[in-house]
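Engineer: Input: one structure, supplied below.
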Amino acid sequence: MSGTDATGNLPLALSDFGAPNSGPNATYIAALRGRAPGDGDGIATVVNATLSSPFLGLTMFDDAQFNQSAKLTLVPRISGVTLSTVRIVVPSGVGAPGSVVLSGAGATGAASTVSGQIINITTAAATTAAPLEVTIGGLVTPVPTLQSDNGNYPLVVSTSASGGILTPIASQAPVRVVIPVSALRDVDSEGAPLDAGAVVAVEGTVTEADFGGGAANFSGFIQDGTAGINIFSPSVFLGLVRGNRFTISGTVSQSNGLTAVIPTSAAHIVDRGPVTEASPISIPLAALFASPETYEGRLVTVKNLTYDSGVWGPAASITLRDSSLTPVEIGIQSGSTATSPPPFPATVTGIFSQSDATAPFDSGYQILPRDSGDLIAWVDDFASWITATGATGGPTGDPDFDGKDNSFEYAFGLNPTSGSSNNPVISGLNPSNGKFSYTRRSLALTDLEVQVFNSTNLTGWTEDTSATESVISTAGQVETVEVTLSAPKPLTAPTLFFRVELN
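So that you can map any letter, position 21 of the sequence shown is 10 in our numbering, and since no number is skipped, the others follow by simple counting.
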């Protein structure tokens, strides 16, 4: 541990593991490896140096930005060593360096050149008391889209002392770009997050400020257009505001099956201001439990739930059931004010969470209502629609004799009393972009689940589980939806049919 007696019986604390080497230890290791002490020595950090960025001085960057600047600071570990030669390889993912400015006491007498992605620095004078600062301008941040993206684009730094050999330092510092929350939703066969331990930056609208109730163990939730995530800290006050957009950098962790981001510090919790509050996704329990990790951390609404067991109140756990008798646990957290039961049957909104203490982490899912507004009486929307439209014959009736029963016309936002209102397709499939559009009754009102299928022969149908939807307009209680099929564009099949099911 001291660098002078590697065989000594020195007790270790947990905090010693993963800690950087001390200067004497780094010297000792360099000697064991046959290196000069300055070769590959140094600790690098990268912060945002873009003057217009809300993250100036922090270790995160917005995505899809131009003319970004990153400042790399390099400090040797070994006392007495002067790092004179430095090479920085800028990853192509953030573009080529447009400018390089050297500063800090370690830049005295230094010079830099740029060749493509490589920055070479010579005659520097970086010591433990004189850091070298390198500000790299003209960078372009990407838009991470893959689930495997963690948003970290390391600047690969190699160092040497005078007369030494350029050697990569032990730990490279990244340009850290905001990623979609969905990139953190992939898990292994045991239900543990694949990104556990990674430091990431995410952004989203706050759906719950603090279920911890204002004490230690602060626990909030954010979600973007792709997924939701828990923001947790055992000690740092999160300062989250429901309905505001926040950008947060921290370490991916898991507790009782719930994936979370633990902020690096209070400074890395950045309030971007108020936005439109996130709307819950209305989803049946069968669909929710069929892909629970997809929805974990998101605001959801489940309708037509009846009481089964448990006493409603603070810190309570209550079991409700849907019309198929599928059970769901409702958890009342310390910071929740949803402490009184709703009238039943009920519609319940809340954060879809998990509490499962043992691997595999594939059970213990629960809905966490935030306040009394998340608990309301369920209204049979189909019955209301029947009354409003004057349709007769119940779900299977066809009062306008257009060959479409009331269930079909209800689901697709049609008029059951007009024979000319029988086709929900607004625009057919466009082979160049894989898009089509149709109408449906607003999903916020219904218990319907959407499935998109395609076929080349009208016989065998395949569900396109990766197709995406967006509501492009709303008229009263009917919304027009644009669907984009997941197949590569342009579509090349000579014949392709699509089918939308609302169940």
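Beta carbons: idealized from backbone N, C-alpha and C, even for Gly.
1) Determine, using beta carbons only, whether T46 and N37 come nearer to each other than 8 angstroms.
2) With a CB to CB cut of under 7 angstroms and the five nearest residues on each side skipped, what residues in its chain are close to S475?
3) Is L72 helix, strand or coil when you go by DSSP?
4) Under 6 angstroms Cβ to Cβ from N219, same chain only, skipping five residues before and after it: list those, please.
5) Under 8 angstroms between the Cβ atoms of P80 and P143?
6) Alpha carbon to alpha carbon, how far is E122 from T130? Give it in angstroms, no decimals.
7) Please determine if the segment 188 to 198 and the segment 164 to 171 are in contact, where contact requires at least 3 C-beta pairs separated by less than 8 angstroms.
8) Give me, in chain order, the residues of the same chain whose beta-carbon lies closer than 6 angstroms to that of S396; leave out the 5 immediate sequence neighbours on both sides.
9) Between which residues of its own chain and T240 is the CB-CB distance below 6 angstroms, once the five residues before and five after are set aside?
10) Classify L(-1): buried if its beta carbon has 16 or more other beta carbons within 10 angstroms, exposed otherwise.
11) Output the boundary residues of the beta strand (DSSP E) element that contains N219.
12) Check for me: the alpha helix (DSSP H) holding N411 runs from which residue to which?
13) Can you tell me whether G203 is helix, strand or coil according to DSSP?
14) Helix, strand or coil for P358? Go by DSSP, reduced to three states.
15) Locate the beta strand (DSSP E) running through S149, then write down its first and last residues.
16) Do you know offhand how far G465's Cα is from L432's?
17) Going by C-alpha distance, which of S151, L40, I77 and A380 is nearest A25?
18) Just mark S361 as buried or exposed, buried being the case when its beta carbon has 16 or more other beta carbons within 10 Å.
19) Helix, strand or coil, according to DSSP, for V79 in the structure here?
20) Near T102, which residues of its chain fall below 7 angstroms by C-beta distance, leaving aside the five closest residues on each side in sequence?
21) By DSSP's criteria, T116 is part of a beta bridge. Which residues make up the other side?
22) Give me the Cβ distance between P223 and A205, rounded to the nearest whole Å; I'm assuming they're in contact under 8 angstroms.
23) With a threshold of 16 other CB atoms inside 10 Å of the CB of I154, please say whether the residue is buried or exposed.
24) Taking its Cβ as the centre, do 16 or more other Cβ atoms sit within 10 Å of G201, making it buried, or is it exposed?
25) Alpha carbon to alpha carbon, what distance is there between T484 and N422?
26) What do you reckon, are the CB atoms on I367 and S329 nearer than 8 angstroms?
27) Between T97, S88, R76 and L128, which lies nearest to F50 when the distance is taken from Cα to Cα?
28) Using a Cβ-Cβ cutoff of less than 6 angstroms, which residues in the same chain neighbour G402 once the five nearest sequence positions on both sides are dropped?
29) Could you give the distance in angstroms between the alpha-carbon of I356 and the alpha-carbon of I272?
30) Using a 10 Å radius around the Cβ and a threshold of 16 neighbouring Cβ atoms, would you call V414 buried or exposed?
31) Answer yes or no: do N141 and R165 have a C-beta to C-beta separation smaller than 8 angstroms?
32) Please classify V489: is it buried, with 16 or more other beta-carbons within 10 angstroms of its beta-carbon, or exposed?
Structural biologist: Let me spell this out:
1) The sequence shown places Gly at residue 46, rather than the Thr named in the question. Contact: yes.
2) Excluding residues within five positions, the ones whose Cβ falls inside 7 angstroms are D453, S455 and A456.
3) It is a strand residue.
4) Within the same chain, Cβ atoms closer than 6 angstroms to the Cβ of N219 are found at F210, L247, A249 and G286, the five residues on either side in sequence being excluded.
5) Yes. Within cutoff.
6) Note on geometry: alpha-carbon atoms of T130 and E122 lie some 21 angstroms from one another.
7) The segment 188 to 198 vs the segment 164 to 171: in contact.
8) Short of 6 angstroms from the beta carbon of S396, and not among the five residues preceding or following it, lie these beta carbons of its own chain, in chain order: P384.
9) Shown here for T240: same chain residues with a beta carbon closer than 6 angstroms to its own, the five before and five after excluded, namely V188 and I251 in chain order.
10) Confidence at L(-1) is low in this model, with a pLDDT of 49, below 50, so its placement is unreliable and the value that follows should be read with caution. Label assigned to L(-1): exposed.
11) Looking at the DSSP string, the run of the beta strand (DSSP E) that includes N219 is G217 to S222.
12) Bounds of any alpha helix (DSSP H) do not take in N411, whose DSSP letter is neither H nor E.
13) Annotated three-state conformation of G203 is coil, per DSSP.
14) Note: P358 maps to coil in three-state DSSP.
15) For S149, the enclosing beta strand (DSSP E) stretches over residues N141 to A150.
16) Roughly 12 angstroms between the two C-alpha positions.
17) Comparing Cα positions, the closest option is S151.
18) Exposed, by the Cβ-count rule.
19) For V79, the secondary structure class from DSSP, reduced to helix, strand or coil, is coil.
20) So the list reads N109, once near-sequence residues are dropped.
21) A119.
22) Rounded, the Cβ-Cβ distance is 6 angstroms, consistent with contact.
23) Exposed: under 16 other Cβ atoms inside 10 Å.
24) By the 16-neighbour rule on beta-carbons within 10 angstroms, G201 is buried.
25) Distance between the alpha carbons of N422 and T484 is about 15 angstroms.
26) Note that residue 367 is Trp in the sequence shown, not Ile. In this structure, W367 keeps its C-beta atom at 8 angstroms or more from the C-beta atom of S329.
27) Taking only the C-alpha atoms, the option nearest F50 is L128.
28) Annotation for G402: T428, R429, R430 and V467 place their beta carbon closer than 6 angstroms to its own, counting only its chain and skipping 5 residues before and after.
29) Roughly 12 angstroms separates the two Cα atoms.
30) Around the Cβ of V414, a 10 Å sphere holds fewer than 16 other Cβ atoms; the residue is exposed.
31) At a Cβ-Cβ threshold of 8 angstroms, N141 and R165 count as neighbours.
32) By the 10 Å Cβ count, V489 comes out buried.
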